[in-house]
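**Student:**
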Amino acid sequence: MKKLLILALSIWFSNGYSQQGGMWIPSLLKGQNEKEMKNLGMKISISDIYNVNSSSLKDAVPQFNGGCTSEVISDKGLLLTNHHCGYGQIQAHSSLQNDYLTNGFVAKNFSEELPNPGTDATFIVRIEDVTTKILKGTENISSLEEKEKLIQKNISETILNSPKESWQENRIKTFFKGNQYLLFVVEVFKDVRLVMAPPSSIGKFGSDTDNWVWPRHTGDFSIFRIYADKNNRPAEYSKDNIPYKPKHFFPISLKGIKENDFTFVFGYPGYTNEYLPAIAVEQLVNQINPARVAIRDAILKIQDEYMRKDPQIKIQYASRYARTANYWKKWKGENLGLIKTNVIDIKKKNEKIFQEKAVKNPKYASVLAQLTEKYKEYEPYNLAMTISQEVILRNNDLLINAYKINDLAKIYEYRGAQSFTDRKANLLKDIEDIFKNYNINVDKDVFEKSIVIYSELMPKQFIPEILSKSFDSKAITNKIYSESALVSYDKIKNLLSGTPEEIVKKINNDVGIKFVNSLTTIFYDKVMPNYQKITSEINELEKIYMEAILEYSKPSDRVFPDANSTLRVTYGKVKGYSPSDAVYYEPITYLEGAMEKYIPNDYEFDIPEKLRELYEKKDYGMYGYKGKMPVCFIATNHTTGGNSGSPAIDAYGNLIGLNFDRVWEGTMSDIYYSPDICRNIMVDIRYVLFVIDKYAGAKHLIEEMKIIK
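Just so we're on the same page, the numbering used here is the position in the sequence shown counted from 1, plus 207.
The structure is reproduced here in structure tokens:
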């Protein structure tokens, strides 16, 4: 096991670009990764990137609100992240009277900075390998259930007993499919205030049309500030808190970039699955992604139509539309890339090579064959789970609320009145938040379309009787939206008032909840038990498969752990690419390109008047380059969701950009990284500063930063 875990951690059977791709644990960069980074042009040392004894780059890279990355850019806790990462906070402060989404926002001083309850910034203090402690005693346990119980017990004990300061937290994450466990000691700052946001016509320029594509001209940034208590430690919001003094903050370079420059990205990539067997990728391409895309495609068309007609609905649905569209387009691009690069065939060839080695080892000889059989068994349950999640749990408020309230009734049945009452209070708060951005007409149309698609895509054995034959979707929708209590917060409050017995009776009689219950009964009875059982069996087989991959890898092979929202480093070069025959994309875009896309008053491609004036005058200040204003650039860094907001860093450890996207053809890097077409997209830091200074007039923020000219 020790041999497995000290290997220099990209993809098994490297495809020739041996120095690019991969998401590396910063505490394990010494050795092969350090050599690769130096060969690519890095001038700083690994201890400058990760150090527990003195300040290092890791101390300036907090996770933003659990799902994005950010970076500290001043000694007063100024925090830079993407506009789309701060979109929910900007939206929450917006109204028709103060529309910060449309007009932007700048706090002129500390007192004008806007609090955001529930938003946090999490710093890594140190990382430790605790694999031996977590797997202790599991070697001779054959039962998967018993083994998992012991692992969870060991995790709890290790979290409890590992040293930390009183204001810190211990967290443990698993790597290499359960072959490695790392302890993360973290500090979570809970007072994070909005400082600046550009207008959406800059921060979301190109919106959904340009999302996941190149060339790009989006100023995707927003600025927050971390506040701490008087001891510079994490604290809940208080007017007495003071700006956080960081251990490290990024100097900002205005020197610019050119093709083949070294760059690396530091952040919290969310989820990848690079070691899937070929059959799993085949199911993803042919079934799972097409189902996801079809459902969201229909929903987005409905929401878009309403948003274009009504400014109030546009504000209400802006954030959820962006979330829905983001992965809708990503899944389309992922399929495109997986097919274009013949990933299924590549994996099959690699599996043949693997099998030739594994056949001599009884532990590994049949693991691929077993995985293939399990994935065949898994297929209908995985599809049913995907469709249920998309239709019931993610895209329609009535269905989401019905599911949660129906679940509340079950809590009373299984756990009693106290658990019921506690959960009800939390549920009412969640539902109240949902109704802050709710329109019954939008929701009703989405519902009707959703149940039609559900009946068309769901494997027939899992379709409830109410949808199993020719059914009238409009009649069902009209009945539910006219008779159910689920269409307004006040009606739901009334539904959930009374004794637990009275509430459960009302829940069971509600027409909307009855409908959802007809879907979830089959789900819980036929789908979930088999899905969970087979998932557990697949996980154990994939753990053995991963162990074998590590066992057969040489130190020069670049095997890295899948992303799991932990701090990683990925490195590469600024580089253009060719997505198709006779087409080549340059790696840098300029403001001229935005002007070429400009459509007055358009939802996606409008440009503010002041920005157009600055462009006409070529008034770029110290941020321009040879009379042009750089906007975005691409590189071969291996990123995914969660890397949004990550700092793009030059060879000397300076901030040169802000990661915010990937090219469409390369979104398949979550499954397979190819340096031929996988590119991450970054907004040039010079454009960020230009917008802050010349467009927004927030020179006081520029003065906070350390600028390298």
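Ideal Cβ placement from N, Cα and C applies to all residues, glycine included. Just so you know, these numbers come straight off a predicted model, no measurement behind them.
(1) Compare the beta carbon distance of Thr470 and Ala770 with 7 Å and say whether it is the shorter of the two.
(2) Less than 7 Å between the beta carbons of Leu264 and Gly860, yes or no?
(3) Give me the residue from Lys536, Asp415, Leu635 with the minimum Cα distance to Leu615.
(4) Let me know if Phe317 comes out buried or exposed under the rule of 16 or more other beta-carbons within 10 Å of its beta-carbon.
(5) Given 8 Å as the limit, is there contact between the region 395 to 408 and the region 304 to 318, that is, 3 or more CB pairs closer than that?
(6) Just the Cα atoms here: how many angstroms apart are Ile670 and Trp535?
(7) Nearest-angstrom Cα distance between Pro458 and Val268?
(8) Under the three-state reduction of DSSP, which class applies to Thr470: helix, strand or coil?
(9) State the Cα-Cα distance for the pair Met802 and Cys292, rounded to the nearest angstrom.
(10) Quick check on the DSSP output: the beta strand (DSSP E) that includes Phe730 runs from which residue to which?
(11) Let me know if Thr640 comes out buried or exposed under the rule of 16 or more other beta-carbons within 10 Å of its beta-carbon.
(12) For the alpha helix (DSSP H) that contains Ala576, what are its first and last residues?
(13) For Asn377 and Thr847, I'd like the C-alpha separation in whole angstroms.
(14) Taking the alpha-carbon of Glu394 as reference, which of Lys556, Ile331, Lys354, Asn448 has the nearest alpha-carbon?
(15) Taking only the alpha-carbon atoms, compute the straight-line gap between Ser691 and Val718 and give it to the nearest angstrom.
(16) Just to confirm the assignment, what range does the alpha helix (DSSP H) spanning Tyr294 have?
(17) In the DSSP assignment, find the unbroken alpha helix (DSSP H) run with Val1001 in it and report its ends.
(18) With DSSP collapsed to three states, give me the class of Ile213.
(19) Tell me the rounded alpha-carbon separation between Phe428 and Leu865.
(20) Can you grab the Cα-Cα spacing for the pair Lys454 / Pro807, in whole Å?
(21) Flag this pair as yes or no: are the beta carbons of Met230 and Phe867 separated by less than 7 Å?
(22) Report all residues from its chain with a CB closer than 7 Å to the CB of Gly344; omit the five preceding and five following residues, and keep chain order.
(23) Tell me whether Lys906 is buried or exposed, calling it buried when 16 or more other Cβ atoms sit within 10 Å of its Cβ.
(24) Check Gly463 in the structure and name its three-state DSSP category.
(25) What is the DSSP secondary structure of Ile607, reduced to helix, strand or coil?
(26) Of all the options Leu287, Lys384, Gln668, which has the alpha carbon lying nearest to the alpha carbon of Asn746?
(27) From Asp826 to Tyr832, what distance separates their C-alpha atoms?
(28) Who does Leu285 pair with in a DSSP beta bridge?
(29) Identify, in the order they occur along the chain, each residue of the same chain with its Cβ nearer than 7 Å to the Cβ of Lys539, setting aside the five sequence neighbours on each side.
(30) Does the region 869 to 877 come within contact of the region 246 to 262, defined as at least 3 CB pairs closer than 8 Å?
(31) Below 8 Å on the Cβ atoms is my guess for Ala858 versus Met249; work out the distance and round it to an integer in Å.
(32) In terms of DSSP beta bridges, what is Gly385 paired with?
(33) If we call anything under 7 Å between Cβ atoms a contact, is Leu321 one with Arg400?
(34) Helix, strand or coil: how does DSSP classify Val898 here?
(35) Does DSSP put Pro484 in a helix, a strand or coil?
(36) Closer than 8 Å by C-beta to Glu910: which residues in its own chain qualify, once you throw out the five before and the five after it? Chain order, please.
**Tutor:** Result, derived from the coordinates:
(1) no
(2) yes
(3) Leu635
(4) exposed
(5) yes
(6) 24 Å
(7) 13 Å
(8) strand
(9) 25 Å
(10) Here Phe730 belongs to no beta strand (DSSP E), and DSSP marks it neither H nor E.
(11) The sequence given here places Asp at residue 640; Thr does not occur at that position. Result: exposed.
(12) 574 to 595
(13) Looking at the two C-alpha atoms, the distance is approximately 25 Å.
(14) Ile331
(15) Straight-line Cα distance between these residues: approximately 5 Å.
(16) 294 to 299
(17) Beyond the ends of the chain as shown, which are 208 and 916, falls residue 1001; an answer cannot be given.
(18) Per-residue confidence for Ile213 stands at a pLDDT of 36, beneath the threshold of 50, marking its modelled position as unreliable; the derived number appears in the next sentence. Three-state DSSP puts Ile213 in coil, outside helix and strand.
(19) 8 Å
(20) Cα to Cα, the separation comes out at about 45 Å.
(21) no
(22) Leu357
(23) When all chains shown are included, Lys906 counts as exposed.
(24) Coil at Gly463, not helix or strand.
(25) helix
(26) Lys384
(27) 11 Å
(28) Arg432
(29) Val500
(30) no
(31) 5 Å
(32) Beta-bridge pairing links Gly385 to no other residue.
(33) yes
(34) Three-state result, Val898: helix.
(35) Of the three classes helix, strand and coil, the one that applies to Pro484 here is coil, per DSSP.
(36) none
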